[in-house]
Amino acid sequence: MNGSATPTLSGWGRSPVVPGHEVRSEDLARVTVGHPLSRGLGRSYGDSSLPAPGDAEVVSSTLADRILSFDPQTGDIRAEAGLSLRDLYRVFLPQGFFTPVTPGTQYVTLGGMVAADIHGKNHHREGCFGAHVTSLTLRVADGRVLTCSPTVERDLFRATLGGMGLTGHILEVGFRLARVPSPWIYGESERISDIDQFIHGLKEAGPRWPMTVGWIDCTSGGKRLGRGTLFKGRWAEPSEAPAHPPRPKGRFSVPFNLPPFAMGRLSVKLMNPVLYWRHLRRHQRGIVHPETYFYPLDALRNWNRIYGKRGMTQHQCVLPESAGRGAARRFLEVLVAHGGASFLCVIKDCGPEGLGLLSFPKPGISIALDIAVRDDTQELIDALNEQVIKEGGRIYLTKDAFTRPEHFRAMEPRLDEWLAIRRKWDPEGKLRSAQSVRLFGDKP
Amino acid sequence: MKAVFLGATKGIGRALARQLVARGDRLFLLGRDGNDLQRSAGDLRARAGATAAGRATGQAEPARVGFAVCDLENPDGFGRALDEADAELGGFDTVVITAGLFATQDRLENDRALCRRLLTVDFANTVVFCEEARVRLLARGGGTLCVFSSVAGERGRKPVILYGAAKAGLTHYLEGLDHKFRAAGLRTVCVKPGFVKTGMTEGLKPPPFAGTAEGVAAQVVKAIDRGKPVLYAPGMWALVMLVIRALPRLVMRRIGF
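As you go down the protein sequences, you meet chains U and D in turn.
For the first sequence, the residue numbers in the numbering used here are 986 to 1429.
For the second sequence, the residue numbers in the numbering used here are 10 to 266.
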């Protein structure tokens, strides 16, 4: 809390910053009564976890972090919504279990993973987190606490997966942990010289590797457009893994906001080729620490500060298979044409659409760009979104702070069904966020 | 270690209980809400399972974590609860008390009933509970009694007059036990947390050197192992309180701290 001024809240991108503060209690069921929104660790980038204008308080789930039951035979676990992935992994990886799906940071709560219906490097094989959720306990808008699952109150369940916390406060999450053969990862990486090769490489690796992801140098245009590194991985077999368990990693912190030139166009332009050529040998392989593999950016605490005071946003879209293999190239060309330099550009292939009515992934290629907030960010996001709409794709709400409501509607044919279910459970519109006001026309 | 734990469901108590089971200690939980105790027992059992697997014993059963309802507002139940814990653990050697009430000075000044409740729970009833525990520990040749007091009990201070008075009494009592019974094998650990960011202090503005529940819990585990009679947590508060204790009345009257 900042003692002098009114307290403010923001997402991980630190843009926008809005007035508001968190209310926290171990007793999440009690503290959620009468509140319009809960949030977890605030790792969504934009305004999904921020209070609507006029609302001062958001419930923080982070003190409600108990594991309620665990069955080592099946991997079935039930826990309070504030349990973090970091805590979960430290308790269960030594026992031979890991979350079936993980996002790129361990600083997320189970509630957040459900609300965003997060996906990971293994989406082409395991789907979203929601595919592994067995039941959810929610406090819905009328104050009742109830449990839904793929078979009980199925509509509510489907609207909650990826529903950005707008169908009810998520209190408890039941899901199934995946058994892993060892706590280590076996990884291979490959230097790729352009975007078409990249798509080809991802599609080829998909059936053979449970986890795939790529990093793209998106400062290079023309023949080198979309060059980068493709990472493939799987859990290591006990025979190839080191005998000792992986030690939890230490962290460095970015102590303060870096000045604007740190992530300016020039430094991004200089850094990207360095990252590209760091992977000097075309192929590399070996055993990797699970934290290094899944959460490379977590090693740098507060890395969002490198984007300076104005913050950053992320644009993540999926370009569907129906758009053809040239879609990724066309999208990157729009980015380059707008002078959009992104320090980090991540590419990944997506498997089938899951249960969640607003869940992000569908079959195709997902591209995520980190974008420093500048005066022209709105125009850049608009241009990217127009391209996404043209290709029949959509964006990921968890990352978004700039998309226009008419653009989102054009991307999301499922929106009306989701809104109808939400209205059924919350006819008075009690639950809302800054994002739902911006995108779904909720009353502020 | 076989420990009875009063107050393991929330805040620093929760973090401390997790660190104890994670290194293989056995716990029996006491608290006022049976449902809450059951949830915490489940949590600790799952976390204890991790160490069992980590030790690679192969078929190690996850440790049982028992619990019983015991309300600091009802001293009649103390003896029975401790007997139940004793039976379940097969003789405990450690008693940890983190439970207590907290309210701001403003609220206590304006709510006589709450004031009375807080003074009773944080001083009189906590001491009575400790007496029950002390007798049982001494009867078996000693053990550890770890009790959470507070830096608020160091000096009469404007923002924590009533809460601080209860904690001052508790601190004195624990010091007395240490002087009288250490030779007989009773080790008292009086923990004096400074400001720690937990549900208890939710809504208050954290001062500099505010601690985290996990950090304080790690210090307490060490203090229990070493039988350290007084622990300031975070450690910085030892220095802060050294200064506060040395300040003349004239100054204390003028400052808001």
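Beta carbons are placed, not taken as given, at the ideal position from N, Cα and C, and that holds for glycine.
Looking only at DSSP bridge pairs, what is residue i linked to?
i, result
"alanine 1357 of chain U", "U:Met1297"
"phenylalanine 1459 of chain U", "An answer regarding residue 1459 of chain U cannot be provided, because it is not within the stretch 986 to 1429 covered by chain U."
"glutamate 1175 of chain U", "U:Leu1215, U:His1268"
"serine 1023 of chain U", "U:Val1044"
"lysine 1333 of chain U", "U:Ser1351"
"arginine 1304 of chain U", "Looking at the sequence shown, residue 1304 of chain U is not arginine but leucine. DSSP, once it has assigned bridges, lists U:Ile1350 as partnering leucine 1304 of chain U."
So with CB distances below 7 Å, who are the chain U contacts of residue i?
i, result
"alanine 72 of chain D", "Neighbours of alanine 72 of chain D on chain U: none; closest Cβ ~13 Å, over 7 Å."
"alanine 55 of chain D", "Ile1052, Phe1055, Val1076"
"arginine 48 of chain D", "Arg1051, Leu1053"
"lysine 19 of chain D", "Glu1011"
Keeping to the same chain, check which residues put their C-beta closer than 8 Å to that of residue i; ignore five residues upstream and five downstream.
i, result
"glutamate 1276 of chain U", "Gln1091, Pro1231, Pro1233, Lys1234, Asp1283, Ala1284"
"glycine 67 of chain D", "The predicted model places glycine 67 of chain D with a pLDDT of 45, which falls under 50 and marks its position as unreliable; any figure quoted below should be read in that light. Counting only Cβ-Cβ distances below 8 Å, and skipping sequence neighbours, we find nothing."
"serine 1421 of chain U", "Ala1037, Met1149, Leu1151, Asp1427"
"valine 1003 of chain U", "Thr993, Leu994, Ser995, Asp1032, Leu1035, Pro1036, Pro1038, Ala1419"
"lysine 237 of chain D", "Val198, Lys231"
Given a threshold of 16 other Cβ atoms within 10 Å of its Cβ, counted over all protein chains shown, does residue i qualify as buried or as exposed?
i, result
"lysine 1254 of chain U", "exposed"
"threonine 1084 of chain U", "buried"
"alanine 192 of chain D", "exposed"
"proline 1001 of chain U", "buried"
"leucine 1215 of chain U", "buried"
"alanine 1313 of chain U", "buried"
"proline 217 of chain D", "exposed"
"glycine 1211 of chain U", "buried"
"threonine 135 of chain D", "buried"
"leucine 1416 of chain U", "buried"
"glutamine 1058 of chain U", "exposed"
"aspartate 1056 of chain U", "exposed"
Report the residue from the options whose alpha carbon sits nearest the alpha carbon of residue i.
i, options, result
"threonine 991 of chain U", "D:Lys206, D:Lys214, D:Asp92", "D:Lys214"
"phenylalanine 76 of chain D", "D:Thr210, D:Leu53, D:Gly58", "D:Leu53"
"alanine 1116 of chain U", "U:Val1125, U:His1392, U:Pro1337", "U:Pro1337"
"proline 1433 of chain U", "U:Met1248, U:Arg1024, U:Lys1375, U:Gly1324", "What is shown of chain U runs 986 to 1429, which leaves residue 1433 of chain U out entirely."
"aspartate 1140 of chain U", "U:Arg1193, U:Trp1403, U:Val1125", "U:Trp1403"
"glycine 1341 of chain U", "U:Thr1204, U:Arg1110, U:Leu1146", "U:Leu1146"
"leucine 29 of chain D", "D:Met250, D:Asp120, D:Val239, D:Glu223", "D:Glu223"
"glutamate 1157 of chain U", "U:Pro1258, U:Ala1049, U:Pro1240", "U:Ala1049"
"asparagine 1370 of chain U", "U:His1300, U:Leu1329, U:Pro1240", "U:His1300"
"arginine 1024 of chain U", "U:Arg1209, U:Leu1053, U:Leu1068, U:Ile1052", "U:Leu1068"
"aspartate 102 of chain D", "D:Thr210, D:Ala12, D:Tyr241", "D:Ala12"
"alanine 122 of chain D", "D:Ala50, D:Pro84, D:Leu171, D:Ser158", "D:Leu171"
"leucine 1026 of chain U", "U:Ala1101, U:Ser1327, U:Arg1359", "U:Ala1101"
"arginine 1176 of chain U", "U:Pro1223, U:His1268, U:Thr1122", "U:His1268"
"valine 78 of chain D", "D:Ala50, D:Pro238, D:Ala72", "D:Ala50"
"cysteine 1335 of chain U", "U:Cys1133, U:Arg1161, U:Gly1191", "U:Gly1191"
"phenylalanine 1082 of chain U", "U:Ser1167, U:Asp1360, U:Phe1328, U:Asp1367", "U:Ser1167"
"leucine 1365 of chain U", "U:Leu1317, U:Ser1120, U:Pro1348", "U:Leu1317"
"alanine 1308 of chain U", "U:Ser1046, U:Trp1220, U:Val1259, U:Pro1348", "U:Pro1348"
"proline 1245 of chain U", "U:Arg1236, U:Ile1356, U:Gly1271, U:Gly1414", "U:Ile1356"
"aspartate 187 of chain D", "D:Lys167, D:Ala57, D:Val205, D:Gly151", "D:Gly151"
"glycine 1378 of chain U", "U:Glu1065, U:Pro1195, U:Cys1302", "U:Cys1302"
"glycine 1311 of chain U", "U:Ile1184, U:Asn1287, U:Ala1247, U:His1274", "U:Ile1184"
"proline 202 of chain D", "D:Val137, D:Leu81, D:His181, D:Val229", "D:Val229"
"glutamine 114 of chain D", "D:Gly100, D:Arg196, D:Gly165", "D:Gly165"
"tryptophan 1194 of chain U", "U:His1108, U:Ser1046, U:Ala1386, U:Leu1053", "U:His1108"
What residues in its chain sit with their C-beta under 6 Å from that of residue i, if we drop five residues either side in the sequence?
i, result
"lysine 1409 of chain U", "none"
"histidine 1104 of chain U", "Cys1113, Pro1346"
"isoleucine 1332 of chain U", "Gly1199, Ile1201, Ile1352"
"leucine 1424 of chain U", "Pro1390, Phe1393"
"methionine 10 of chain D", "Asp34, Thr103"
"cysteine 1330 of chain U", "Ile1201, Cys1203, Leu1354"
"glycine 63 of chain D", "Bear in mind that a pLDDT of 47 at glycine 63 of chain D, under 50, signals an unreliable position, so the number given afterwards is only what the model happens to contain. Counting only Cβ-Cβ distances below 6 Å, and skipping sequence neighbours, we find nothing."
Show which residues of chain D have a CB atom less than 7 Å away from the CB atom of residue i.
i, result
"serine 1010 of chain U", "Gly208, Glu211"
"leucine 1048 of chain U", "Gly208"
Taking C-beta pairs closer than 9 Å, name the residues in chain D that residue i reaches, listed in chain order.
i, result
"glutamine 1420 of chain U", "The contacting residues do not exist; glutamine 1420 of chain U stays about 25 Å from chain D at best."
Output, in chain order, the set of chain U residues within a Cβ distance shorter than 8 Å of residue i.
i, result
"glycine 33 of chain D", "What glycine 33 of chain D touches in chain U: nothing, since even the nearest Cβ is about 13 Å away."
"arginine 41 of chain D", "The contacting residues do not exist; arginine 41 of chain D stays about 13 Å from chain U at best."
List, in chain order, every chain U residue whose beta-carbon is nearer than 9 Å to that of residue i.
i, result
"glycine 51 of chain D", "Arg1051, Ile1052, Leu1053, Ser1054, Phe1055, Arg1063"
For residue i, which residues in the same chain have their Cβ closer than 7 Å to its Cβ, ignoring the five residues on either side in sequence?
i, result
"alanine 133 of chain D", "none"
"aspartate 1179 of chain U", "Lys1208, Arg1209, Leu1210, Gly1211, Arg1212"
"alanine 65 of chain D", "For alanine 65 of chain D, the predicted structure reports a pLDDT of 47, less than 50, and the residue's modelled location is therefore unreliable. A value from the coordinates is still provided. Once the five neighbours on either side are set aside, alanine 65 of chain D has no close Cβ partner at all."
Please confirm if residue i has its CB atom under 7 Å from at least one CB of chain B.
i, result
"glycine 1235 of chain U", "Absent from the structure is chain B; the protein chains it does hold are U and D."
Can you tell me whether residue i sits near the ligand COA, meaning its C-beta is under 6 Å from at least one heavy atom of the ligand?
i, result
"serine 1046 of chain U", "The ligand COA is absent from the structure shown, which contains no ligand whatsoever."
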